[in-house]
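Chemist: Numbering (the working numbering), first residue to last: 100 to 386.
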Ligand code: PMP
């Protein structure tokens with residue numbers, strides 16, 4: 100069945116939604132995005148995603164074509180008309196389509212930003228085999244640009260990382276810079292040592308995950324210890340547990356890193372507990 104998508108103010112069948120070949124998202128990856136998860140037909144942490152979107156736009160001096168209130172309405176309408184129960188809403192804003200290709204930013208008064216939203220249905224996403232069995236990751240060098248805190252659509256290196264993982268018979272890759280893990284290709288990375296949850300501190304080197312913020316807050320509320328600091332692959336391989344977080348995977352256990360089994364090779368207790376708490380609280384707070 101054809102989805103209804105949103106493009107620059109219109110709700111359209113997906114086949115009819117067309118973007119210009121001069122769009123800077125297409126020519127220059129000059130765009131930002133967000134993915135908001137949907138569980139039981141409700142949006143998870145919409146506020147967090149809307150705030151980070153605004154920050155990404157501000158950092159790139161890009162005009163928003165929509166107010167945050169209207170944005171919520173568009174999300175809700177797309178979930179409703181496409182009858183999404185579990186899945187997510189993808190949103191992308193680019194610096195629009197100027198008359199010609201040029202490195203300089205166009206005048207926003209003459210070139211409005213392009214906005215696109217579409218839904219992705221993933222029935223039963225909260226009970227995936229990967230969440231039950233855990234995933235295997237490889238480590239790769241982090242070759243991305245230096246502003247990973249901005250959620251841009253430049254996803255070529257993360258895509259290459261996923262392919263490297265796939266080729267190695269694994270599920271994902273953790274990226275390493277100056278000897279320390281930055282994050283997963285599309286998620287934040289954590290280890291657990293002696294009941295302490297360890298994850299890299301926020302900076303321009305990683306995306307400030309919305310799920311990360313929620314999970315760390317819930318961990319502290321549940322009296323778990325959290326330490327935000329650098330860690331190496333060797334330390335991760337020697338940890339009691341490892342896991343990732345993202346809006347699409349929630350909390351997902353990692354059971355192998357570069358061929359080394361983590362703990363007893365099955366999902367750890369803390370990761371499992373955090374996943375339960377996160378899903379439970381998110382479902383309650385969904386809008
Ligand atoms: N890091 C990177 C590089 C990502 O692409 C993502 C997901 N888009 C995350 C972390 C997790 O962020 P969130 O929890 O907001 O989905």
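Think of the CB as a built atom: it goes at the ideal place given N, C-alpha and C, for glycine as much as any other residue.
Between the Cα of residue 209 and the Cα atoms of 196, 217, 311, 223, which residue gives the shortest distance?
Modeler: 196
Chemist: What are the start and end residues of the alpha helix (DSSP H) that includes residue 220?
Modeler: Unbroken run through residue 220 is the beta strand (DSSP E), 213-220; no alpha helix (DSSP H).
Chemist: Identify every residue that forms a DSSP beta bridge with residue 274.
Modeler: 239
Chemist: With a Cβ-Cβ cutoff of 8 Å, do residue 213 and residue 193 count as a contact?
Modeler: yes
Chemist: With a CB to CB cut of under 6 Å and the five nearest residues on each side skipped, what residues in its chain are close to residue 220?
Modeler: 183, 186
Chemist: In its own chain, which residues sit with a C-beta less than 8 Å from the C-beta of residue 145, not counting the 5 before and 5 after it?
Modeler: 135, 171, 174, 386
Chemist: Beta-carbon separation of residue 317 and residue 377 under 8 Å?
Modeler: yes
Chemist: Looking at residue 373: is its Cβ nearer than 8 Å to the Cβ of residue 325?
Modeler: no
Chemist: Going by beta-carbon coordinates alone, are residue 305 and residue 272 separated by less than 8 Å?
Modeler: no
Chemist: Give the DSSP-derived three-state secondary structure of residue 342 in the structure shown.
Modeler: Under the three-state reduction of DSSP, residue 342 is assigned to strand.
Chemist: Would you say the beta carbon of residue 311 is closer than 7 Å to some non-hydrogen atom of ligand 1?
Modeler: yes
Chemist: I want to check one thing, is the minimum distance from the CB of residue 409 to the heavy atoms of ligand 1 below 7 Å?
Modeler: What the structure shows of the chain is the stretch from 100 to 386, and residue 409 is not part of that stretch, so it cannot be assessed.
Chemist: Given a cut-off of 8 Å on the beta-carbon distance, is the pair residue 353 and residue 236 in contact?
Modeler: yes
Chemist: In the DSSP assignment, the beta strand (DSSP E) including residue 379 goes from what residue to what residue?
Modeler: Here residue 379 belongs to no beta strand (DSSP E); instead the alpha helix (DSSP H) covers 368-384.
Chemist: At the level of alpha carbons, what is the spacing between residue 162 and residue 298?
Modeler: One Cα belongs to residue 162, the other to residue 298, and the distance between them is close to 33 Å.
Chemist: Say whether the stretch 280-287 touches the stretch 336-350, bearing in mind that this needs 3 or more beta-carbon pairs closer than 8 Å, one atom from each stretch.
Modeler: yes
Chemist: Would you give the residue range spanned by the alpha helix (DSSP H) that residue 180 belongs to?
Modeler: Start and end: 167-180.
Chemist: I need the boundaries of the alpha helix (DSSP H) containing residue 157, first residue and last residue.
Modeler: Counting along the chain, residue 157 sits inside the alpha helix (DSSP H) bounded by residues 145-158.
Chemist: From what residue to what residue does the alpha helix (DSSP H) around residue 314 run?
Modeler: 309-320
Chemist: Going by CA-CA distance only, name the one from 106, 301, 294, 201 that's closest to residue 368.
Modeler: 294
Chemist: Which term fits residue 349, buried or exposed, when burial requires 16 or more other beta carbons within 10 angstroms of its beta carbon?
Modeler: buried
Chemist: Rounded to the nearest angstrom, what separates residue 375 and residue 198 at their Cα positions?
Modeler: 50 Å
Chemist: If we ignore side chains and look at the alpha-carbon of each, how far apart do residue 120 and residue 133 end up?
Modeler: C-alpha separation (whole angstroms): 22 Å.
Chemist: Tell me, to the nearest whole angstrom, how far the beta carbon of residue 402 is from that of residue 302; I am working on the premise that it is less than 8 Å.
Modeler: Residue coverage of the chain in this structure runs from 100 to 386, which leaves residue 402 outside it and unanswerable.
Chemist: In whole angstroms, what is the alpha-carbon distance linking residue 319 and residue 291?
Modeler: 14 Å
Chemist: Can you find a heavy atom of ligand 1 that lies under 7 Å from the Cβ of residue 344?
Modeler: yes
Chemist: Can you tell me where the beta strand (DSSP E) with residue 138 in it begins and where it stops?
Modeler: 130-138 is the span of the beta strand (DSSP E), which, as asked, contains residue 138.
Chemist: Determine whether the beta carbon atoms of residue 243 and residue 256 lie at a separation below 8 Å.
Modeler: yes
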